[in-house]
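Numbering (the working numbering), first residue to last: 1 to 218.
C-beta: ideal position from N, C-alpha, C; glycine also.
All values reported here derive from a predicted model rather than from experimental measurement.
Heads up, the thing below is written out as structure tokens.
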């Protein structure tokens, strides 16, 4: 595990930012050099969707890794990873809107309503939007910590919708192995949160035997 000193270094955040941009830079390079295969439009749409799911997994992995490794400095990268998740889902939506629909808004609306896998994917995008918009300190102060945390629990629903969208996208090609891997990763990360929350609640509620027994004086 990387040391806390390295994670707190002033260069750590810029380095992570550059690493997060590498997939985008690679897609730009591939498009510029005509190196995206026989169907560049499909490649761009699929790749941006894949990277959205990968960044969602990375974002959700920050807290378990931080707790299990006792490395609180990891938390400073969670917001950035979450915003890059939104960045890649916006690219995914743009790829669909441009290459498949030609930015025809009426046709896009009809396609969303007609095809369930697109409706599910678009719903995940809609739910991610307020999370990205309220990922800043001012939003946390404006909403209050409890309401902010309640809002950001929508990420669990987003994860489920993302997997369902990914499953339907791969169903036509009978490629379920990759779907199973992502589903297992997200299930593990969300399961850890559920178990950890239940443990926290149990620790917060003292058992009956631990409560002081009042004495009745005659």
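For residue i, three-class secondary structure by DSSP
i: residue 94; result: helix
i: residue 15; result: helix
i: residue 35; result: coil
i: residue 134; result: coil
i: residue 194; result: helix
i: residue 10; result: coil
i: residue 80; result: helix
i: residue 59; result: helix
i: residue 106; result: helix
i: residue 176; result: coil
i: residue 68; result: helix
i: residue 169; result: helix
i: residue 153; result: coil
i: residue 201; result: helix
i: residue 123; result: helix
Same chain only: Cβ atoms within 6 Å of residue i, ignoring 5 sequence neighbours per side
i: residue 119; result: 112
i: residue 20; result: 84
i: residue 220; result: Any answer about residue 220 is impossible in this case: the structure gives the chain only from 1 up to 218.
i: residue 91; result: 48
Nearest-angstrom Cα separation, counted from residue j out to residue i
i: residue 30; j: residue 55; result: 21 Å
i: residue 15; j: residue 144; result: 31 Å
i: residue 13; j: residue 191; result: 28 Å
i: residue 36; j: residue 99; result: 14 Å
i: residue 22; j: residue 202; result: 43 Å
i: residue 95; j: residue 199; result: 43 Å
i: residue 86; j: residue 132; result: 7 Å
i: residue 44; j: residue 204; result: 48 Å
i: residue 134; j: residue 141; result: 10 Å
i: residue 168; j: residue 148; result: 31 Å
i: residue 219; j: residue 59; result: The requested residue 219 does not occur in the structure, where the chain is confined to residues 1 to 218.
Residue-level contact to chain C via CB, residue i, 8 Å cutoff
i: residue 145; result: This model lacks chain C altogether; it includes just one protein chain.
When the options are compared against residue i, the one with the closest alpha-carbon
i: residue 166; options: 101, 190 and 180; result: 180
i: residue 26; options: 127, 51, 68 and 72; result: 51
i: residue 128; options: 155, 116, 115 and 76; result: 155
i: residue 126; options: 8, 89, 114 and 137; result: 89
i: residue 93; options: 80, 59, 72 and 47; result: 47
i: residue 188; options: 24, 57, 78 and 71; result: 57
Beta-carbon contacts of residue i that lie in its chain and below 7 Å, excluding the five residues immediately before and after
i: residue 197; result: none
i: residue 107; result: 101
i: residue 124; result: 158, 161, 162 and 165
i: residue 103; result: 97
i: residue 66; result: 72, 74 and 75
i: residue 64; result: 189 and 192
i: residue 61; result: 189
Cβ neighbours of residue i in the same chain (closer than 8 Å, five flanking residues each side left out)
i: residue 170; result: 176, 178 and 179
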